[in-house]
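For the record, the sequence lines run as chains Z, R and S.
Its first residue numbered 1, the first sequence is counted upward by one per residue in the working numbering.
Its first residue numbered 1001, the second sequence is counted upward by one per residue in the working numbering.
Its first residue numbered 2001, the third sequence is counted upward by one per residue in the working numbering.
Glycine included, each C-beta is placed from N, C-alpha and C at the ideal position.
Take a look at the structure below.
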Amino acid sequence: MNGPFNSGKPVVPEPSPQSAGASPRARKPKEPLPFGKTKQAREAEKVLNHIVDDFDDNPKAMDYFYDLFRRVYCRGETIAPDGPLIGTTCIQAPEELIYAMGATPVRLCNGSYHYDQIGAEFMPSKSCSLVKATLGMLTSDDPVPRVGKLDLVVNPTTCDQKKKASAMMQDMGHAVFDLELPNVKESEASRVYWQRSVRSFAEEIRKVTGKKLTRKNLKAALARTQRAEKAFRVLDGFRKASPSIFLGKDAFLVVNAYFFDNLDNWCEAVERLNDELKIRYDNAVRAAQKKAPRIVFTGSPPIFPNLKLPLLIERAGGVVVSDETCSANRMLYDMTAVDEWLVNDMVDSLADKYLKPCTCPIFTKNDDRRRRLLELVKKFEADGIVYQAFAGCQVYEMEQRSVAKTLDENGIPMLYVETDYSPDDEGQLSTRIEAFLESIKTRKRMRQ
Amino acid sequence: MRSERSAKGDRSGGMNEANEATAMSGMSFGRGPTVKTLALRMGAEPLGAKDETLTDSSVQILANDGARSSAPLVNMGDASRAKIEIQNYGFYNAAVTRKAVHGRFLDVQIAQAELLKGAMAHGGHSDHDPKLFKPTMDDKAPFELIREHGPDEKLWTTIRSGEKASFLVRSYGAPVAGARVTFVSQEGWRKVVETDANGRAEFTLIRDYFPDWADFNRRHSGVFLVWAKKETPEAGVYGGQDYAATRYQASLSGRYYPSPADYESYGYGVGIVVFVTAFAGLSIWLFRQRRRKCFKEIVFNEKLA
Amino acid sequence: MKSSLDGMAPNWRQRLTLPRGMRDAINGVDFNRFRFWLQIFFFVLLVYGGFTGLNLGNNLPTFSCGYNQNGRPGVCYLLPLQHQLAMPTKALLGYASLTILSGLFIFFLWFIVLNKGWCGFVCPLGTVQDWITDLRVKMGARFTRYSQASFETLSWIKYVLLALMIVIPLGIGAGYFSHDLGAPYCMICPARLIIPTLALNFDQLVLDFSSPGKIVMTTLGAITTGLFLAGSFVKKRFWCFFCPMSAFHYLLSKPAFFRLIKDGDKCTRCGDCYTVCDLQIKEIADDVKNPQIMMDDCIVCLKCVAACPEQGALKATFAGRTVFESTEEGFIKRMEKGTRA
Ligand code: SF4
Ligand code: SF4
Ligand code: SF4
């Protein structure tokens, strides 16, 4: 039943001609180009223009985000951090602790093809674009987003590639803290182990900022992320509307902005967006065709400017109504519950939030991920799932089988796409996506 | 000293009474009537009292709702016994009266007993009408001796040594002042007082149970005996004999138990609670301290600022 | 909070129950505060209600301690049950069996109304433990958790106590043990010392030297009370974990009206419910298969429902009707209150 959708030939990326030779030049430019002229700026600009101009009727409140990305990615502006800047390479690093002790987190996971090519130097040829791009960004003198000097990089020990990236980042001169994440999340032992890890993480930040973790500052930090999570959940709620009133490409952009934007500004902008969406909802303004296939996106995370796949889906007349990726939903959906508002309890509760609901494929079991997908399909009345696996991301590649099986059992079509950051396979992908969406439409028609 | 003649209802037969379970388990096992056996005895001290017989007599019973009845006093050899069935919960008064003229006096001897169909506090009928908790009094009796009930006395009675016991002497419902009331404990300690204007006499039940600890029984009961006497100028004829004055004497017996103070200690009880709390608290604290060392547990300061 | 498009996928069952506004009000309630006051109400009722002459009988499925002679408005069933079982074996097989069965039946009728909600909301000893917990939080001390292994071992204790509570009185009735061991559970129950004391009746605080049996039992009682005080200071609902009433409840809980239900499909296994659970019940978060999620240690305090962010993943139902369920809005409201406080 799912034959045509998930048995697509693995797309092996063509070794990019520049990847080997070009990087040293990119890393040490003799004469720095004005930022807007750099490769990464042009890459970002192109995608941004596509997102903004090739779709009608973008919500007004999205202008904040379009503008933000233009400023940061195309013009190279800096978002000034409050206090020390702490880079994270994964959503698993509890940012509340960072905020509480007066530092600012920035998520380093990068989506740029340009940096992917630079980072290729560090990794074997068939490795994850995301890890390569992150390394590429960290090694360049003029990284985007312009994160400035990092006071610490927190690297949760998730997949092998990220684990090994730790030492490489250290070699580049960054101070790296390995946040020990267990491989199993079900057992009580792993929970306790993780809570201990998180405690040592807090100690590490204290060393960086020189500030103590107190009930007051931790509560305040929790309140700030709570506001973000609440805004996100409201936004997420609007995506249930059918026909859709909000597109997935914008949703990804909004959540991607959370990586580096000032937290309070981000919250305000999302709240404004929510107000507008409420009006749109009340007036039944549609952002997509009534019959547009509703897609849940899962797998390797789309990170700006690599919004290739979501954009292809929505260009082809589908709507990404929800996702199960760590660059969007998984980052902001889960909320912390605290029983006793004491520092020790708050830290443990936070640790729980970061570990227990996580559907990351690096854990031994993936029951939760499969259940989550089924629930998302139900909740968002989705018609199918697009599964992106970055070529070289073994864990997502390995989970494809079990996820496909579960979805098949539940009669949910899935398109499995193995790809990377290179734009070369766009043509071929767009054909496959169109075929997938077409088959969904046919199914729907048949059912009526 | 001349010997006092007194009669009393004795409950020391314990086993032939149907209420033995109530004190133990707090359950009223007996559904239906409770049967009490009264024995008539005479003597100046509880332990020394001897069985007494009385012919052609009956026990008069007054229920707490005012109902009167009687039960025959049956002679069995040297003893007189009465079997009394009690239907409803509450306190009953039983009395046997003997009259005789001696010289210029009419001696009226009344042997009284307080009977109870009871129920314990827990597991029992705590929903009883508080009216049932009161002693039953007879406004028609020429002379009577009543034990006053304590504030916590409901459908059970526990009198303990060390406590105060008070008695009322009444005649036709009115208090009798100046009656001589004698109280004798099981071991023979005695005290005599006169009733006050309210007809009241009060005694402290002194402790008279001193066994070895190994033999100590918290449910050991002692019998006390109390009697009241009053002479009145009532004159008349009884059994064909004239008399110029009447001497009333009413007796009552009851049971008392060792005082909890003899075997219960607040000091030790509370002491153990405090000790265990402190010890356990300290252990937990030390355990936490130790964990901090051994696992290098990171613990945050809860203080604001 | 702004709409998250409620009612987009209306649930037919919800339509049958309360009107929407009322439901939202209930689901969004500041649950812990509500529960705090409800517990105070029941505490006053069960510890001092007797002073008003209230009488609810002798078969209450909660610690309305019988030794609190004047304050209690009814008696915890464990006390008469142990007394009844200590009747002479012959009586037990005869007329007394009816007494026991009828007592059990009334106990059962009381019980099925609230299920273990008797523990989460009514039991005065449970409430005392919650107050001790509040005190600890005020003092800024953190709580203790059992390790998973200890949890599993200790979890048996309540069944052992329940068994002893039945076997010892039977042994007394059969003449094997002295009556001085009467009501053995009550003798070691911390409620016997604590509840009457709170009603200013200090009679139970004594050590009884009258016989070896009494010495042992009253000493044990004082020890458990000490452990209770120290234990519940560091461990939430310390005693409930060992409580034979809890075990007894669980054995009878199948037909209860009040239930804790989980919709595993909606659960993200975020563990929020587990984090707040006083009884450390892991299944509440991890078990996504079993809709009847009330485990044997559970006290149906519904803290988990209040702390679950997923719409309808956890709920309390009464006779099949939802009375309180987890909602996103309710969760956010409650946690916002926490961060603001
Ligand atoms: S389990 Fe706790 S709340 Fe329930 S009866 Fe026992 S002590 Fe009370
Ligand atoms: S809080 Fe709700 S969603 Fe989270 S684990 Fe518990 S039941 Fe599941
Ligand atoms: S599972 Fe829920 S209802 Fe049961 S004790 Fe834990 S928090 Fe309370």
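Beta-carbon spacing of S:P2190, S:T2219 below 8 Å: Taking the first residue of the third sequence as 1, we reach residue 2190 of chain S at position 190. Taking the first residue of the third sequence as 1, we reach residue 2219 of chain S at position 219. No.
Quick one, are the C-beta atoms of S:V2340 and S:I2299 less than 8 Å apart? As a working note, residue 2340 of chain S is residue 340 in the third sequence. As a working note, residue 2299 of chain S is residue 299 in the third sequence. Note that residue 2340 of chain S is Arg in the sequence shown, not Val. No.
Compute the beta-carbon to beta-carbon distance between R:N1064 and R:Y1092, rounded to the nearest angstrom, for a pair I have assumed lies under 8 Å. Along the second sequence, one-based indexing puts residue 1064 of chain R at 64. Along the second sequence, one-based indexing puts residue 1092 of chain R at 92. The beta-carbon distance between R:N1064 and R:Y1092, rounded to whole angstroms, is 7 Å. This is short enough to meet the 8 Å contact definition.
Using 10 angstroms around the beta-carbon of R:V1237, count the other beta-carbons present and answer buried if the total reaches 16, otherwise exposed. Position 237 of the second sequence holds residue 1237 of chain R. R:V1237 sits exposed, since fewer than 16 C-beta atoms from the chains shown fall within 10 Å of its C-beta.
Contacts of S:A2386 in chain R (Cβ-Cβ under 7 Å): Because chain S here runs from 2001 to 2341, residue 2386 of chain S falls outside it and cannot be looked at.
S:I2284 CB to nearest heavy atom of ligand 2 below 7 Å: Position 284 of the third sequence holds residue 2284 of chain S. Within the chosen limit of 7 Å, ligand 2 reaches the beta carbon of S:I2284 through at least one heavy atom.
Would you say the region 129-144 of chain Z touches the region 159-171 of chain Z, given that touching needs at least three Cβ pairs under 8 Å? Cβ pair count under 8 Å is three or more, so yes.
Identify the continuous alpha helix (DSSP H) that holds S:V2160 and give its terminal residues. For this step, residue 2160 of chain S is matched to residue 160 along the third sequence. First-last of the alpha helix (DSSP H) with S:V2160: 2157-2173.
Write down the C-beta distance between Z:R370 and Z:T406 rounded to the nearest angstrom, noting that I regard them as a contact closer than 8 Å. If you number the first sequence from 1, residue 370 of chain Z lands on position 370. If you number the first sequence from 1, residue 406 of chain Z lands on position 406. Going by Cβ atoms, the distance from Z:R370 to Z:T406 rounds to 4 Å, so yes, they are a contact pair.
Please list the terminal residues of the continuous alpha helix (DSSP H) segment that includes S:F2034. Taking the third sequence and counting its residues from 1, the one referred to as residue 2034 of chain S is at position 34. Going by DSSP, S:F2034 is part of the alpha helix (DSSP H) stretching over 2031-2048.
When the Cα of Z:N306 is compared with those of Z:P34, Z:R71, Z:V72, Z:N110, which residue comes out closest? Here residue 306 of chain Z refers to the residue found at position 306 of the first sequence. For the residues Z:P34, Z:R71, Z:V72, Z:N110, the minimum Cα distance to Z:N306 belongs to Z:N110.
S:E2325 burial status per 10 Å Cβ neighbour count (16 or more: buried): As a first step, residue 2325 of chain S is located in the third sequence; it is residue number 325 there, counting from the start. Buried.
Unbroken alpha helix (DSSP H) run spanning Z:K365, endpoints: The count along the first sequence starts at 1 and reaches residue 365 of chain Z at position 365. Looking at the DSSP string, Z:K365 is not in any alpha helix (DSSP H), and its letter there is neither H nor E.
Quick check: what's the CA-CA separation for R:G1077 versus R:A1250? For the purposes of this step, residue 1077 of chain R is taken as the residue at position 77 of the second sequence. For the purposes of this step, residue 1250 of chain R is taken as the residue at position 250 of the second sequence. Spanning the two alpha carbons is a distance of roughly 25 Å.
Count the other CB atoms, across all protein chains shown, that sit within 10 Å of the CB of S:I2332; report buried if there are 16 or more and exposed otherwise. Counted from its first residue, the third sequence places residue 2332 of chain S at position 332. Per the 10 Å Cβ criterion, buried.
Identified DSSP bridge partners for R:T1246: Against the second sequence, residue 1246 of chain R aligns to sequence position 246. Residue pairing by DSSP puts R:T1246 in a beta bridge opposite R:L1106, R:T1232.
Which residues in chain R sit within 7 Å of S:T2225, going by Cβ to Cβ distance? In the third sequence, counting from the first residue as 1, residue 2225 of chain S sits at position 225. V1273, listed in chain order.
So, under 8 Å CB-CB, S:Y2185 and S:L2154 are touching, yes? Tell me the CB distance rounded to an integer number of Å. Sequence index remark: in the third sequence, residue 2185 of chain S carries index 185 (1-based). Sequence index remark: in the third sequence, residue 2154 of chain S carries index 154 (1-based). Contact doesn't hold; Cβ gap of about 17 Å is too wide.
Using the Cβ count rule (16 or more neighbours within 10 Å means buried), how would you classify Z:E96? Locating residue 96 of chain Z in the first sequence gives position 96, where the first residue counts as 1. With 16 or more other CB atoms across the displayed protein chains lying within 10 angstroms of its CB, Z:E96 is buried.
R:T1037 beta carbon less than 8 Å from that of R:R1081: Start at 1 with the first residue of the second sequence, and residue 1081 of chain R comes out as number 81. Start at 1 with the first residue of the second sequence, and residue 1037 of chain R comes out as number 37. If you check the CB distance, R:R1081 and R:T1037 come in under 8 Å.
If we count Cβ pairs, one from each stretch, closer than 8 Å, do we get three or more for the region 2120-2135 of chain S versus the region 2060-2080 of chain S? Yes, since at least three Cβ pairs between the region 2120-2135 of chain S and the region 2060-2080 of chain S fall closer than 8 Å, the two stretches touch.
Is S:S2326 near ligand 2, in the sense that its beta carbon is under 7 Å from a heavy atom of that ligand? If you number the third sequence from 1, residue 2326 of chain S lands on position 326. For S:S2326, the CB falls within less than 7 Å of some heavy atom of ligand 2.
Could you tell me which of R:L1205, R:R1207, R:H1220 sits nearest to S:S2211, measuring between CA atoms? The residue given as residue 2211 of chain S occupies position 211 in the third sequence. Residue nearest to S:S2211 within the set R:L1205, R:R1207, R:H1220 is R:H1220 (criterion: CA-CA distance).
Taking the alpha carbon of Z:R191 as the reference point, which residue from Z:L437, Z:V52, Z:Y354, Z:N283 has its own alpha carbon closest? Here residue 191 of chain Z refers to the residue found at position 191 of the first sequence. Checked all of Z:L437, Z:V52, Z:Y354, Z:N283; the closest Cα to Z:R191 is Z:Y354.
Helix, strand or coil: which one does DSSP assign to Z:C159? Here residue 159 of chain Z refers to the residue found at position 159 when the first sequence is read from its first residue. The answer is coil: DSSP assigns Z:C159 none of H, G, I, E or B.
Entirely within the region 295-332 of chain Z and at least 4 residues each: give me those alpha helix (DSSP H) ranges in chain order. The qualifying runs are 308-315, 329-332.
Extract the residue ranges of the alpha helix (DSSP H) inside the region 2211-2299 of chain S, only unbroken runs of 4 or more that lie entirely within it. Residue ranges of uninterrupted alpha helix (DSSP H) with 4 or more members, entirely inside the region 2211-2299 of chain S and ordered along the chain, are 2212-2234, 2244-2252, 2272-2276, 2283-2286.
Rounded to whole angstroms, what is the Cα-Cα separation between S:D2297 and S:R2259? Indexing the third sequence from 1 puts residue 2297 of chain S at position 297. Indexing the third sequence from 1 puts residue 2259 of chain S at position 259. If you take the alpha carbons of S:D2297 and S:R2259, they lie about 14 Å apart.
How far does the alpha helix (DSSP H) with Z:D53 in it reach, from first residue to last? In the first sequence, residue 53 of chain Z corresponds to position 53, counting from 1. Bounds of the alpha helix (DSSP H) holding Z:D53 are 39-53.
Write down the C-beta distance between S:N2068 and S:A2199 rounded to the nearest angstrom, noting that I regard them as a contact closer than 8 Å. Locating residue 2068 of chain S in the third sequence gives position 68, counting from the first residue. Locating residue 2199 of chain S in the third sequence gives position 199, counting from the first residue. Contact flag correct, Cβ pair sits at about 5 Å.
Note the first and the last residue of the continuous alpha helix (DSSP H) segment covering Z:Y354. By one-based count along the first sequence, residue 354 of chain Z stands at place 354. Unbroken alpha helix (DSSP H) run through Z:Y354: 343-355.
Cβ-Cβ distance between Z:F35 and Z:F304 below 8 Å: Sequence index remark: in the first sequence, residue 35 of chain Z carries index 35 (1-based). Sequence index remark: in the first sequence, residue 304 of chain Z carries index 304 (1-based). Not closer than 8 Å, so no.
Go through its chain and collect everything with a Cβ distance to S:A2319's Cβ below 6 Å, but skip five positions before and after it. Counting from 1 along the third sequence, the entry for residue 2319 of chain S is found at position 319. The residues are F2257.
Let me confirm a value: R:W1213 is counted as buried when at least 16 other C-beta atoms fall within 10 Å, else exposed. Which label applies? In the second sequence, counting from the first residue as 1, residue 1213 of chain R sits at position 213. When all chains shown are included, R:W1213 counts as exposed.
Would you list, in chain order, the members of the region 329-342 of chain Z that have their beta-carbon closer than 9 Å to a beta-carbon of chain S? Hits within the stretch, in order: Y333, D334, M335, T336, A337, V338, D339, E340, W341, L342.
Contact the region 166-183 of chain Z vs the region 45-62 of chain Z: 3+ CB pairs below 8 Å: These segments do not touch.
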